[in-house]
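Worksheet for the structure shown next.
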Amino acid sequence: MTVPATFGLPFRIKAAMYFRLLALQGSWNYETLLGTGIGFVMEPALRLLPGGVKGERYRAALARESRYFNAHPYLAGVAVGALTRAELDGVDPTRIERFRTALAGPLGSVGDRLVWASWLPFCSLVAIGVYGAGGSALAVVGTFLLLYNAGHFLLRAWGLRIGLSRGLNVAAALGNPVLRQGPVYIGRAAALMAGVALPLALQRIAGPGRMLVGGVIGAALIGILLLARLRERAEGWRIALGVLAVFVLYSVLT
Numbered sequence: 002m003t004v005p006a007t008f009g010l011p012f013r014i015k016a017a018m019y020f021r022l023l024a025l026q027g028s029w030n031y032e033t034l035l036g037t038g039i040g041f042v043m044e045p046a047l048r049l050l051p052g053g054v055k056g057e058r059y060r061a062a063l064a065r066e067s068r069y070f071n072a073h074p075y076l077a078g079v080a081v082g083a084l085t086r087a088e089l090d091g092v093d094p095t096r097i098e099r100f101r102t103a104l105a106g107p108l109g110s111v112g113d114r115l116v117w118a119s120w121l122p123f124c125s126l127v128a129i130g131v132y133g134a135g136g137s138a139l140a141v142v143g144t145f146l147l148l149y150n151a152g153h154f155l156l157r158a159w160g161l162r163i164g165l166s167r168g169l170n171v172a173a174a175l176g177n178p179v180l181r182q183g184p185v186y187i188g189r190a191a192a193l194m195a196g197v198a199l200p201l202a203l204q205r206i207a208g209p210g211r212m213l214v215g216g217v218i219g220a221a222l223i224g225i226l227l228l229a230r231l232r233e234r235a236e237g238w239r240i241a242l243g244v245l246a247v248f249v250l251y252s253v254l255t
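Next up, the structure:
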């Protein structure tokens, strides 16, 4: 029996897979990490295998795809799409296992650099800029959530689409300029935003007509001491979120 081409999956199945991607980490555990979630996301498409949900191929595929797997959750859609394509195309299970193993590392490292080290700090700094421009706590939080979530919603959709269309040849998609050069350009934009947002935020805290020199020097000294203490444990996204939390808290209290 011939399985339909995966890029021709019904829209309802693709939509179900996408929305399940948003719950990918809901079953995270120390034994399989994202593996159970991967199987959960793929399950609607696996029903198309010969024999349906009662067939041997469905049960074998679901069990295989629910095993240990680790990657960045926002790029896991690439793996989901590619593995779904492989299962529906009847690729040899041994080859699928090797592909799963090889795909996990690149998806994890690329996602960490693009999202945690670049996009998340940038969104945090934009929100701090909103605070510095006079925005309320609701405006600050709303700006961060809208901007950050727009990025990862689009990234998940792109990953699923590219995985379904390319199957086991999806590795080339990881060379996409957005994934390769994105962290560099977003990092530069974040540095520019920090130069604009932080002085505005400090000015708002100090109030009109007050001297900021002492506060800026004090904050800089504390920051230097913390960075020297933390060293390699200091990650951009943690620092940016910490600063954002301080400004939001101050905005709420005042």
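In my numbering, the protein residues as written are 2 to 255. We put the beta carbon where it would ideally sit given N, CA and C, even for glycine. For clarity, every value in this text was computed on a predicted model and none was experimentally measured.
Pick from the options that is closest to residue i, judged by C-alpha positions
{"i": "V116", "options": "Q182, A103, D90 and F20", "result": "Q182"}
{"i": "Y186", "options": "R96, W120, A87 and L175", "result": "W120"}
{"i": "W159", "options": "N177, A202, F41 and Y31", "result": "N177"}
{"i": "L156", "options": "L175, R167, A105 and V142", "result": "L175"}
{"i": "L84", "options": "L25, P184 and L47", "result": "L47"}
{"i": "G78", "options": "E57, G38, D90 and L63", "result": "G38"}
{"i": "F145", "options": "A128, A134 and Y132", "result": "A128"}
{"i": "A80", "options": "D113, I14 and L22", "result": "L22"}
{"i": "P200", "options": "L10, Y132 and E66", "result": "Y132"}
{"i": "W29", "options": "G9, G56 and N71", "result": "N71"}
{"i": "R114", "options": "L203, G52, V179 and G91", "result": "V179"}
{"i": "D93", "options": "G143, R65, P184 and Y31", "result": "R65"}
{"i": "G91", "options": "G188, F123, S110 and G168", "result": "G168"}
Buried or exposed (CB count within 10 angstroms, at least 16 for buried), residue i
{"i": "L147", "result": "exposed"}
{"i": "S137", "result": "exposed"}
{"i": "A191", "result": "buried"}
{"i": "F41", "result": "buried"}
{"i": "K55", "result": "exposed"}
Distance between beta carbons of residue j and residue i, contact taken as under 8 Å
{"i": "Y69", "j": "T33", "result": "5 Å"}
{"i": "L108", "j": "H73", "result": "6 Å"}
{"i": "G130", "j": "A198", "result": "4 Å"}
{"i": "L50", "j": "L89", "result": "7 Å"}
{"i": "Q76", "j": "G112", "result": "The question names Gln, yet the displayed sequence has Leu at residue 76. Contact flag correct, Cβ pair sits at about 4 Å."}
{"i": "L25", "j": "R86", "result": "Not really, about 18 Å apart at Cβ, beyond 8 Å."}
{"i": "A62", "j": "P45", "result": "Wrong, their Cβ atoms sit about 12 Å apart, outside the cutoff."}
Neighbour flag for residue i against chain D, beta carbons, 8 Å
{"i": "A62", "result": "The chain labelled as chain D is not found in the depicted structure, where only one protein chain is given."}
- Given 8 Å, three or more beta-carbon pairs between the region 124 to 140 and the region 87 to 104: no
- Query: Which full runs of the alpha helix (DSSP H) of 4+ residues lie inside the region 103 to 175, going along the chain?
  - Reply: 121 to 133 and 138 to 167
- Task: Only counting runs of 4 or more residues, tell me where the alpha helix (DSSP H) segments fall wholly within the region 174 to 201, in order along the chain.
- Result: none
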